Every structure is written in C-alpha cells, then in structure tokens.
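Written below as structure tokens is the structure these notes are about.
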Amino acid sequence: MSKSLAGAAAALMVIMGCASAVGISGEPDRTARLAEFRRPTEIPFPESNPYSQAKAELGRSLFFDPMLSRDQTRTCATCHVPSMDWTDDKPRAVRNDDAPMAVRTPTLLDIAWIERSLGWDGRFRDLEAVAFVPISAKANMDMPDTLLVERLNATPSYVEAFRQAFPDAADEARPVTRLRIEQALATFERLIVSGPAPFDAWVAGDSAAVSAGAKRGFDLFTGKANCSACHSGAIFTDGSFHDIGTASGDDHGRGRFFPNSTALRYAFKTPTLRNVARRPPYMHDGSAKDLAAVIDVYDRGGIERASRSRDIRPLGLSKQEKADLIAFLETLTDAGADGPAHQPITAEPPRP
Numbered sequence: 001m002s003k004s005l006a007g008a009a010a011a012l013m014v015i016m017g018c019a020s021a022v023g024i025s026g027e028p029d030r031t032a033r034l035a036e037f038r039r040p041t042e043i044p045f046p047e048s049n050p051y052s053q054a055k056a057e058l059g060r061s062l063f064f065d066p067m068l069s070r071d072q073t074r075t076c077a078t079c080h081v082p083s084m085d086w087t088d089d090k091p092r093a094v095r096n097d098d099a100p101m102a103v104r105t106p107t108l109l110d111i112a113w114i115e116r117s118l119g120w121d122g123r124f125r126d127l128e129a130v131a132f133v134p135i136s137a138k139a140n141m142d143m144p145d146t147l148l149v150e151r152l153n154a155t156p157s158y159v160e161a162f163r164q165a166f167p168d169a170a171d172e173a174r175p176v177t178r179l180r181i182e183q184a185l186a187t188f189e190r191l192i193v194s195g196p197a198p199f200d201a202w203v204a205g206d207s208a209a210v211s212a213g214a215k216r217g218f219d220l221f222t223g224k225a226n227c228s229a230c231h232s233g234a235i236f237t238d239g240s241f242h243d244i245g246t247a248s249g250d251d252h253g254r255g256r257f258f259p260n261s262t263a264l265r266y267a268f269k270t271p272t273l274r275n276v277a278r279r280p281p282y283m284h285d286g287s288a289k290d291l292a293a294v295i296d297v298y299d300r301g302g303i304e305r306a307s308r309s310r311d312i313r314p315l316g317l318s319k320q321e322k323a324d325l326i327a328f329l330e331t332l333t334d335a336g337a338d339g340p341a342h343q344p345i346t347a348e349p350p351r352p
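Numbered per full-length UniProt numbering, the sequence shown finishes at 352, counting up by one with no gaps.
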C-alpha cells in the first residue's frame with residue numbers, strides 16, 4: 001500500500017472513530033454512559049425481611065406515630081419529612097432540646113439500594129439496625145426499647161397489626177418485639193423511592209427531555225469533573241466513603257471506626273443525588289448552602305492531605321461549566337411527592 005493510500009486509510013479511520021464518538025447529529029455519543037444510570041424496575045427486599053402489605057402498612061403507622069418517643073412529641077418524620085424529600089431543611093438535625101446534632105439529616109430517598117453501611121459514617125449495617133438508635137437516643141426520641149415494646153403491646157390496634165404483619169405471631173398474646181418493630185419500619189422505608197425525572201426520560205431516548213446545557217453538564221459529570229466516580233449508577237451513589245477534603249479536626253467520619261486507616265479518615269458516605277436540587281443545604285454538616293457552593297467546593301479540590309480521595313483535585317471549571325453542571329443536576333428532580341411511600345400500599349411490592 002502506498003504511503004498516500006495508507007495515510008488516507010488512517011485518516012478515514014480517525015474520521016470514522018470521531019463520527020462514532022459524536023454520532024450523526026454532531027453531539028457526543030452518550031448512549032453507553034447514559035445506560036449506566038438507568039432506573040431500576042423493582043425495589044429490593046432482603047430474604048431475612050421479605051415484603052408483605054401488612055408489614056409495610058404497619059411500618060408506615062410506626063414511622064408517623066409519636067408513640068415511638070417517650071414524651072410523644074417526635075416521630076421518624078420529625079427529621080425525615082416526606083414533603084422535603086425525606087430529610088429536612090436544616091444544616092444539622094435538631095435534638096429534642098432544639099440544639100443541633102453533629103450531622104445533617106440524610107435523606108431516605110432510594111434507601112433500599114444504598115443499604116450497606118448506612119449513615120454518614122457507616123455505623124449501621126442495614127435499615128433494620130438503624131431504627132432504635134434515634135428511637136432510644138436521649139437527645140432524640142428518648143424511648144428505651146423495653147418501654148416501647150410494653151407501650152405497643154398495651155395498644156390493641158398495634159397488637160392486631162403485628163399479628164397480621166407477622167404470621168408466626170398470630171397466636172402470641174404479646175406479638176410486639178424489638179426485632180419486629182425494626183423489620184416493619186425497614187419494610188416501609190424501602191418503599192421511599194424517587195420518581196421519574198427528566199433525566200430518566202432522556203435515558204429512555206427522549207432527546208428533548210433535557211436542555212443542551214444539561215447535556216453538557218452530564219458530559220462534565222462523567223468526564224472532566226469526574227463526579228460519577230462516586231455518584232454512580234441509577235441512584236447516583238457508589239454507597240461508599242470518601243474524604244472530599246472538607247472535614248477537619250475531630251470530624252473523622254468513617255475513620256472513627258477505622259483509626260488506623262488513612263483512606264477513611266474524614267471519609268463520609270456518598271449521598272444520592274436524586275432530587276438533589278430540592279434538598280439544600282448540602283454536605284454531611286450542611287455547610288454548603290446551595291448547589292453553586294457545592295460545585296465550588298469540588299472545583300477547589302479541598303484540603304490536600306493523605307486521606308483525600310484520589311478523585312478529588314482542583315478542576316478549573318469555567319463559569320459556564322459550573323452552570324451546565326447545575327443544569328444537569330436539576331434534571332434529576334422528579335415531579336414531587338409521589339411513589340409507593342406516599343400512596344396506599346398494594347399486596348405486591350410496588351415498583352419505582
């Protein structure tokens with residue numbers, strides 16, 4: 001083959017490669033990357049605590065019942081407010097004496113898919129293990145498990161509801177136990193899912209569902225800014241822990257449980273980005289008031305130290321790139337309160 005012919009062939013391959021990369025329309029071919037964020041079609045329930053309609057309805061009742069607090073003034077929904085995407089609008093959760101807690105209330109959105117090592121510092125092995133920490137905490141609901149079990153066993157409507165939810169307890173005079181309370185609450189909480197958003201319509205093939213700026217933002221999210229290194233998959237979280245270079249002092253996050261691990265010092269759990277535009281303030285301590293402040297944090301790259309994630313670095317984003325990232329994040333917002341946890345529960349496990 002002559003040099004000129006070889007050169008022409010090579011040039012054609014480059015052109016073909018570019019055409020494949022950008023697509024016929026001239027836009028980047030995002031098909032494969034978009035597919036990585038496709039919404040799941042079923043809610044997962046563990047074999048150790050399978051779904052049932054009666055158990056989910058019992059969990060719903062418990063979640064909103066002030067009987068779960070000693071003085072009957074607080075519920076699970078005191079901090080995890082349904083109309084606020086199952087978190088609240090405060091930088092840090094509020095104690096029962098109105099003082100701030102150490103961290104922001106994490107959202108329960110899509111928690112069924114984020115179940116390993118829950119909490120900002122990963123202290124909970126699963127949803128069942130979460131329930132009695134806020135319930136029994138002196139600064140929160142202040143309800144010892146023995147007292148709550150006694151209170152519910154003395155309430156005829158709850159006695160019957162527990163018998164219906166747990167068939168093995170049908171003949172028990174005192175069917176309410178700590179384990180069954182945990183299982184009922186966790187079953188309901190797994191129904192807390194985000195609804196379809198414009199981004200999902202784009203993933204499904206509707207190219208007009210999001211703006212050109214949002215599309216550029218997605219390219220940044222999965223490219224230059226590398227947000228998807230941690231905010232990955234349909235729920236936009238890897239479920240893991242990273243030091244993004246912001247926490248300091250004794251605010252060790254996951255590192256408090258692994259004091260000899262450099263990588264986990266100042267590491268906190270990656271939160272979901274579903275409905276993120278509706279959930280300010282941000283970060284584990286509520287220190288970023290809006291999405292622009294969050295992007296500025298990542299653009300700066302945080303504190304340079306041994307524990308800082310290798311994916312965190314100064315980004316050098318332009319004003320337009322920052323605006324495009326926000327435009328993309330806004331496409332993750334659903335139409336509002338809806339979904340299985342907001343609706344009457346059916347016999348079959350609801351789908352997202």
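Note that beta-carbon positions come from the ideal geometry of N, C-alpha and C, so glycine has one too. Please read these numbers as outputs of a predicted model, since none were measured by experiment.
List the DSSP bridge partners of T87.
-> Translated into the one-based positions of the sequence shown, residue 87 becomes position 87. Beta-bridge pairing by DSSP links T87 to V81.
State the CB to CB distance for the pair L273 and L317, rounded to an integer number of angstroms; the pair is presumed to be in contact (CB under 8 Å).
-> Along the sequence shown, read from residue 1 onward, the residue named residue 273 stands at position 273. Along the sequence shown, read from residue 1 onward, the residue named residue 317 stands at position 317. L273 to L317, Cβ: 17 Å. No contact.
Contact set for C79: own chain, Cβ-Cβ below 6 Å, skip 5 residues either direction = The residue you call residue 79 lines up with position 79 of the sequence shown. Leaving aside the five residues that flank C79 on each side, the residues in its chain whose CB is nearer than 6 Å to its CB run, in chain order, D88, A93 and T105.
What is the DSSP secondary structure of residue 354, reduced to helix, strand or coil?
-> Only positions 1 to 352 of the chain appear in this structure, which leaves residue 354 out of reach.
When the Cβ atoms of the segment 42-57 are set against those of the segment 342-352, are three or more pairs found closer than 8 Å?
-> Yes, the segment 42-57 touches the segment 342-352.
Residue environment, L5, which counts as buried when at least 16 other CB atoms sit within 10 Å | Residue 5 sits at position 5 when you count from the first residue of the sequence shown. In this prediction, L5 has a pLDDT of 42, which is less than 50 and means its spatial position is unreliable; nothing more can be read from the coordinates.
Exposure of A341, with buried meaning 16 or more beta-carbon neighbours within 10 Å = If you number the sequence shown from 1, residue 341 lands on position 341. A341 is buried by the Cβ-count criterion.
Entirely within the segment 165-231 and at least 4 residues each: give me those alpha helix (DSSP H) ranges in chain order.
-> For the segment 165-231, whole alpha helix (DSSP H) runs of length 4 or above, ordered along the chain, are 178-189, 198-203 and 212-222.
Would you mind working out which of V103, F132, A208 and K224 sits nearest I312, comparing C-alpha positions?
-> Indexing the sequence shown from 1 puts residue 312 at position 312. Selected option, being the one with the closest Cα: K224.
Using a C-beta cutoff of 8 Å, does P82 count as contacting chain D?
-> Absence of chain D from the displayed structure is noted, only one protein chain being present.
List the whole-angstrom C-beta distance separating V149 from T177, where the pair is believed to meet the contact cut-off of C-beta under 8 Å.
-> In the sequence shown, residue 149 corresponds to position 149, counting from 1. In the sequence shown, residue 177 corresponds to position 177, counting from 1. The Cβ separation is near 6 Å, so the contact holds.
Sort out for me which residues DSSP pairs D243 with in a bridge.
-> Taking the first residue of the sequence shown as 1, we reach residue 243 at position 243. For D243, which the question treats as bridged, DSSP gives the partners R308.
Separation of R174 from E160, as counted between CA atoms | Residue 160 sits at position 160 when you count from the first residue of the sequence shown. Residue 174 sits at position 174 when you count from the first residue of the sequence shown. Rounded to the nearest angstrom, the two C-alpha atoms are 10 Å apart.
Cβ neighbour criterion (16 or more within 10 Å) applied to L12 = Taking the first residue of the sequence shown as 1, we reach residue 12 at position 12. The predicted position of L12 is uncertain, since its pLDDT is 41 and thus under 50; no value can be drawn from it.
Count the C-beta pairs between the segment 105-117 and the segment 195-202 that are closer than 8 Å, then say yes if the count reaches three, no if not.
-> Result no; under three Cβ-Cβ pairs closer than 8 Å.
State yes or no: is the C-beta of P314 within less than 8 Å of the C-beta of D299?
-> Here residue 314 is taken as the residue at index 314 of the sequence shown, counted from 1. Here residue 299 is taken as the residue at index 299 of the sequence shown, counted from 1. At a Cβ-Cβ threshold of 8 Å, P314 and D299 count as neighbours.
Between P100, H231, L108 and A234, which lies nearest to P82 when the distance is taken from Cα to Cα?
-> What you label residue 82 is simply residue 82 of the sequence shown in a count that begins at 1. Taking only the C-alpha atoms, the option nearest P82 is L108.
Any idea which residues DSSP pairs A267 with across the strands?
-> What you label residue 267 is simply residue 267 of the sequence shown in a count that begins at 1. Answer is G253.
CA nearest to the CA of R216, picked from T331, S61 and T75 = Start at 1 with the first residue of the sequence shown, and residue 216 comes out as number 216. The option with the nearest alpha carbon to R216 is T331.
Would you list the residues sitting across from V288 in a DSSP beta bridge?
-> Reading the sequence shown from its first residue, position 288 is the one you call residue 288. Residue 288 is actually Ala in this sequence, not Val. Paired residues: Y282.
The segment 236-248 touching the segment 261-273, judged by at least three CB pairs closer than 8 Å = Output reads yes: the segment 261-273 touches the segment 236-248.
Where does F162 sit, in a helix, a strand or coil, going by DSSP?
-> The residue labelled residue 162 in the question sits at position 162 within the sequence shown. For F162, the secondary structure class from DSSP, reduced to helix, strand or coil, is helix.
Buried/exposed call for E182, threshold 16 Cβ in 10 Å = The residue you call residue 182 lines up with position 182 of the sequence shown. In the assembly as shown, E182 is a buried residue. Its beta-carbon has 16 or more other beta-carbons within 10 Å.
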